[in-house]
Ligand SMILES: [Zn+2]
């Protein structure tokens with residue numbers, strides 16, 4: 053199944069560029085990681101060797117065969133968003149972009165981030181507020197048979213713990229999305245992303 057995604061590099065680059073308006077490339081390596089716990093389909097991390105940012109996306113092999121391609125792509129996009137956010141946060145931590153620049157790139161993350169919050173929580177809030185619709189559009193471009201609610205259902209996986217989902221999505225829409233999730237085979241997405249240094 054993963055072999056179907058080999059060659060997606062240009063597609064994924066275009067996704068990141070369109071989601072973030074990025075004008076530079078970052079290196080991202082994909083790993084099949086059988087040590088991921090069973091409730092996680094994916095994970096993301098990064099390392100920095102001097103100024104050379106390298107992202108890593110780990111996919112749990114137990115979900116690769118039985119799952120549909122759209123769910124795998126949804127996980128890849130979700131993890132790519134974590135990696136790309138980490139990239140900008142790392143630039144900010146190293147004073148290579150200012151706080152005001154970071155706040156314009158990741159406004160929800162920036163407002164959320166505090167000593168009592170964490171990367172995972174705040175990056176999920178940013179995704180929920182600003183990227184779910186784009187994720188769903190990307191998934192529908194990949195498979196035009198997906199209905200709007202099925203695409204949204206995949207995009208929302210892993211983000212339904214957010215305050216944005218709880219407070220900003222009308223109950224009728226939530227119900228339609230949850231029904232659509234039940235109709236397509238979706239696996240649990242990563243909920244415990246730990247960017248490691
Ligand atoms: Zn996540």
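Residue numbers (my numbering): 53 to 249.
Even for Gly, the Cβ is constructed at its ideal location relative to N, Cα and C.
The Cβ atoms of residue 181 and residue 217 lie no closer than 7 Å to each other. Cβ atoms of residue 138 and residue 98 come within 8 Å of each other, at about 5 Å. The alpha-carbon of residue 202 is positioned some 5 Å away from that of residue 232. For residue 175, the closest alpha carbon among the candidates 214, 83, 112, 224 is that of 214. Cβ atoms of residue 122 and residue 198 come within 8 Å of each other, at about 6 Å. For residue 209, the secondary structure class from DSSP, reduced to helix, strand or coil, is coil. Distance between residue 141 and residue 193, taken at the CA atoms: about 29 Å. In the structure shown, residue 158 adopts coil according to DSSP, grouped into three states.
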